[in-house]
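What follows is one structure encoded as structure tokens, with my remarks underneath.
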Amino acid sequence: MVRLSSFIKSHDPLGLLAASDCDALGNAIEDTMMSLTFPPVEALPCANPCPNPGKLPCGRCKLVSYCSQKCEKEHRNAHKRNCNVPAGCRDVGSRDEDPCSLTSPSSREETTQMITPLSCNLPAVDIINLKNNEKDKTRDFSLAFVASGDLRNVVRTVNALGSDYTGRLQILLNDTSKTVVSRNIVLLFILGMMSNEAVAADIALHFWYSVFLPEECRLRILAVLVLILEHHTDKTEPLSVSLGRRAKLTCLVPGEITDQLLYTAGPTLSTSQAHDEYERVYTSPARLDARNRVHAGVKPCHSLAFMAFWRSGVVLPFSVNSDHHTVPNTSFFSPHGTWLQNNVEDPLASWDLNEVIKSGQAYGAQPEDVYGCLYFFLSDQLRTFAKRIRELDVTFHVFNTTAQTLAQDISGGEYSRHNLTPRIRFDRVDFAHLLADAEHVQDVLTSWSPLLAEEETAVIVGVFPDWTNAQKDGSVVGADDAVVAPLVEKLIKLSRLSPGTTLADARKREMDTAALDAAYDNSKAFATFLKASAFKSALRETALKRRLRHKVLPQRIRMPVDAKASDVPHLPDDETWYRYRSGHKPTKTLLASSYGCIRGVYAPLSVRHHQT
Numbered sequence: 001m002v003r004l005s006s007f008i009k010s011h012d013p014l015g016l017l018a019a020s021d022c023d024a025l026g027n028a029i030e031d032t033m034m035s036l037t038f039p040p041v042e043a044l045p046c047a048n049p050c051p052n053p054g055k056l057p058c059g060r061c062k063l064v065s066y067c068s069q070k071c072e073k074e075h076r077n078a079h080k081r082n083c084n085v086p087a088g089c090r091d092v093g094s095r096d097e098d099p100c101s102l103t104s105p106s107s108r109e110e111t112t113q114m115i116t117p118l119s120c121n122l123p124a125v126d127i128i129n130l131k132n133n134e135k136d137k138t139r140d141f142s143l144a145f146v147a148s149g150d151l152r153n154v155v156r157t158v159n160a161l162g163s164d165y166t167g168r169l170q171i172l173l174n175d176t177s178k179t180v181v182s183r184n185i186v187l188l189f190i191l192g193m194m195s196n197e198a199v200a201a202d203i204a205l206h207f208w209y210s211v212f213l214p215e216e217c218r219l220r221i222l223a224v225l226v227l228i229l230e231h232h233t234d235k236t237e238p239l240s241v242s243l244g245r246r247a248k249l250t251c252l253v254p255g256e257i258t259d260q261l262l263y264t265a266g267p268t269l270s271t272s273q274a275h276d277e278y279e280r281v282y283t284s285p286a287r288l289d290a291r292n293r294v295h296a297g298v299k300p301c302h303s304l305a306f307m308a309f310w311r312s313g314v315v316l317p318f319s320v321n322s323d324h325h326t327v328p329n330t331s332f333f334s335p336h337g338t339w340l341q342n343n344v345e346d347p348l349a350s351w352d353l354n355e356v357i358k359s360g361q362a363y364g365a366q367p368e369d370v371y372g373c374l375y376f377f378l379s380d381q382l383r384t385f386a387k388r389i390r391e392l393d394v395t396f397h398v399f400n401t402t403a404q405t406l407a408q409d410i411s412g413g414e415y416s417r418h419n420l421t422p423r424i425r426f427d428r429v430d431f432a433h434l435l436a437d438a439e440h441v442q443d444v445l446t447s448w449s450p451l452l453a454e455e456e457t458a459v460i461v462g463v464f465p466d467w468t469n470a471q472k473d474g475s476v477v478g479a480d481d482a483v484v485a486p487l488v489e490k491l492i493k494l495s496r497l498s499p500g501t502t503l504a505d506a507r508k509r510e511m512d513t514a515a516l517d518a519a520y521d522n523s524k525a526f527a528t529f530l531k532a533s534a535f536k537s538a539l540r541e542t543a544l545k546r547r548l549r550h551k552v553l554p555q556r557i558r559m560p561v562d563a564k565a566s567d568v569p570h571l572p573d574d575e576t577w578y579r580y581r582s583g584h585k586p587t588k589t590l591l592a593s594s595y596g597c598i599r600g601v602y603a604p605l606s607v608r609h610h611q612t
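Going by UniProt numbering, 189 is the number at position 189 of the sequence shown; the sequence numbering is gapless.
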């Protein structure tokens with residue numbers, strides 16, 4: 001224990017870890033194989049609570065379930081206060097007040113100024129899409145996520161390969177944010193090094209998405225970090241760790257990131273400080289406005305679910321008590337204790353809502369309990385990912401630099417001794433939002449095009465966020481009346497708009513605009529936008545061409561990959577319509593005035609080499 005305490009202090013130059021924390025950490029390391037006091041939730045529990053699973057949902061809210069009528073009766077009074085719709089919540093479709101009028105310009109501006117985005121309001125994508133491309137379960141792949149953000153696309157891609165995939169994976173992860181990179185490294189450590197996959201997945205889930213953690217989870221994360229750092233004695237070499245039997249993680253990042261990994265999960269912020277800061281963000285005028293906007297567009301039960309998540313900051317089923325989540329997840333806060341984002345990010349936005357609900361239902365959760373469904377979905381995904389990286393031959397290289405610099409360094413042989421030679425060619429390169437960077441897109445494409453494999457299936461993928469700001473008719477707000485008027489009539493007949501809605505009304509009311517955007521074909525507008533963009537001229541300077549027939553990403557998000565550019569979503573009933581419009585992160589999409597306008601917010605694009 002003395003040796004361990006000494007080691008921790010040597011890795012704590014700011015002296016932020018108390019001696020008692022060092023002792024507790026030592027105990028955690030000794031007990032890393034011990035079962036958790038609060039184990040992962042394996043099935044929706046009875047809300048009463050009792051040891052039995054919940055089978056009978058509450059007839060009113062359906063957010064909780066009971067094992068028997070006896071338990072439901074016993075719990076009725078306790079549940080009553082959580083079963084009623086919060087004051088100010090309105091049912092979906094209510095248009096008594098235009099959500100756009102609920103905020104002042106200053107508060108609206110505050111919501112859009114993100115300090116450090118730690119998650120994304122795009123659903124995770126599989127950038128290989130094996131069944132539409134190589135169709136070979138033994139093929140090796142080299143993948144570059146050059147502006148990765150979080151791990152959602154990596155998890156999605158690896159899991160989608162299936163349990164019978166036997167090829168080798170080389171995965172490059174890069175982001176310019178030190179916080180994002182640190183969180184990704186810690187997540188890979190957790191999922192690859194904790195012996196129990198279920199426990200590893202549960203701890204990773206909360207480290208990724210919950211603002212507060214159980215004390216035992218934080219100690220286990222710290223235990224893993226200490227054991228890794230303790231063996232990293234040569235500071236001139238990058239931190240390199242084995243994950244499973246054949247997997248390996250090499251961190252080719254600045255020393256300050258590895259030196260301060262302990263702070264990512266360390267006790268550097270008191271619970272009271274974190275609660276005060278979280279409450280400040282949660283109750284800010286911009287956040288109150290966002291909540292009103294969510295309530296204006298979702299069912300009452302989902303309003304209750306959103307409120308419960310925002311209050312607790314913890315991803316769990318509605319009926320599961322989160323009181324044991326007592327310590328702050330310091331990766332959400334700056335070293336000075338300030339929230340790293342202006343908003344409380346919604347993890348639902350990062351995943352496909354239909355898949356989330358389907359997964360939750362398999363464990364007994366109702367669609368109304370969306371965060372309960374999300375918990376079970378993430379648990380499944382992370383358990384699968386943990387199993388994959390323990391069994392597959394996979395190498396992760398993590399970087400913290402610009403995309404252009406990274407490509408130049410690889411091409412220049414900077415990382416040759418780490419098996420990233422100038423001869424390497426990537427089968428997929430995920431540019432994320434970088435295609436829309438008018439100032440740098442040509443330089444980035446020029447740097448990466450030589451590193452793209454020559455095969456027909458090799459491709460660079462990316463998105464154009466907020467392109468409708470530059471293209472007037474990208475959304476119905478700027479489209480001609482002759483185009484929008486028939487859409488208004490069509491949606492009134494389908495009961496998607498209220499009877500008597502005029503064209504002027506539809507252009508003013510955000511919810512109506514969102515409905516119209518879901519039915520609006522903006523493919524011609526996007527083509528016009530591309531012709532005038534820096535991206536078009538950048539393609540002329542490289543050996544790349546736009547792929548008109550998509551095989552990896554769909555033309556519009558939440559559409560089939562083989563859908564045409566002019567296709568609009570098929571939403572035959574009220575539930576599919578509701579889920580489609582609610583599938584994006586509610587706060588962000590409503591604030592962006594593009595709720596449901598899928599390509600209107602993010603336009604996926606693929607480019608590949610010219611074929612000779």
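Each residue gets a CB set at the ideal place from its N, CA and C atoms; glycine is no exception.
Secondary structure at residue 50: coil, using DSSP grouped into helix, strand and coil. DSSP places residue 418 within a helical segment (H, G or I) once states are collapsed to three. Around residue 407, the same chain offers 447, 448 and 451 as residues with beta carbons nearer than 7 Å, after the five sequence neighbours per side are excluded. Looking at the backbone, the Cα of residue 324 and that of residue 217 are separated by about 11 Å.
For residue 128 against residue 141, the beta-carbon gap comes to about 6 Å, under 8 Å, which counts as contact. At a Cβ-Cβ threshold of 8 Å, residue 411 and residue 201 do not count as neighbours.
Annotated three-state conformation of residue 241 is strand, per DSSP.
Per DSSP, residue 335 is not a residue of any beta strand (DSSP E), being assigned neither H nor E. In this structure, the beta-carbon distance from residue 222 to residue 265 falls below 8 Å. Each of 334, 319 and 309 was checked against the Cα of residue 267, and the nearest Cα belongs to 334.
The residue among 581, 417 and 123 with its C-alpha nearest the C-alpha of residue 510 is 581. Distances from the alpha-carbon of residue 161 to those of 132, 303 and 184 put 132 closest. Rounded to the nearest whole angstrom, the CA to CA distance from residue 520 to residue 490 is 11 Å.
Under the three-state reduction of DSSP output, residue 192 falls in the helix class. In the DSSP assignment, residue 376 falls within the unbroken alpha helix (DSSP H) covering 370–391. As DSSP reads the structure, residue 278 sits in no beta bridge.
In the three-state scheme derived from DSSP, where H, G and I count as helix and E and B as strand, residue 357 is classed as helix. In the DSSP assignment, residue 142 falls within the unbroken beta strand (DSSP E) covering 141–145.
In the DSSP assignment, residue 251 falls within the beta strand (DSSP E) that extends over 247–252.
The criterion of a C-beta distance shorter than 8 Å is not satisfied by residue 481 and residue 497. Residue ranges of uninterrupted alpha helix (DSSP H) with 4 or more members, entirely inside the segment 211–242 and ordered along the chain, are 215–230. Close CB contacts of residue 215 within its chain, under the 7 Å cut and outside five residues either way in sequence, are with 326 and 327 (chain order). Going by beta carbons, residue 404 and residue 444 fall inside the 8 Å limit.
Scanning its chain for C-beta atoms nearer than 7 Å, with the 5 sequence neighbours on each side dropped, one finds around residue 52 the residues 46 and 67, in chain order.
Per DSSP, residue 79 has no beta-bridge partner at all.
In the three-state scheme derived from DSSP, where H, G and I count as helix and E and B as strand, residue 322 is classed as coil. A contact between stretches requires three or more CB pairs, one per stretch, nearer than 8 Å, and the segment 244–256 meets this requirement with the segment 390–400.
Residue pairing for residue 174: DSSP places it in a beta bridge opposite 399. Its Cα nearest to that of residue 37, the residue 203 stands out among 337, 203 and 568.
According to the DSSP assignment, residue 581 belongs to the alpha helix (DSSP H) that extends over 574–582.
Residue 270 sits exposed, since fewer than 16 C-beta atoms from the chains shown fall within 10 Å of its C-beta. Shown here for residue 170: same chain residues with a beta carbon closer than 6 Å to its own, the five before and five after excluded, namely 142 and 395 in chain order.
In the DSSP assignment, residue 203 falls within the alpha helix (DSSP H) that extends over 197–209. Here residue 553 is not near residue 545, since their CB atoms are 8 Å or more apart. Here the C-alpha atom of residue 167 lies approximately 12 Å from the C-alpha atom of residue 388.
Under the DSSP assignment, residue 540 falls in the alpha helix (DSSP H) whose first and last residues are 534–540.
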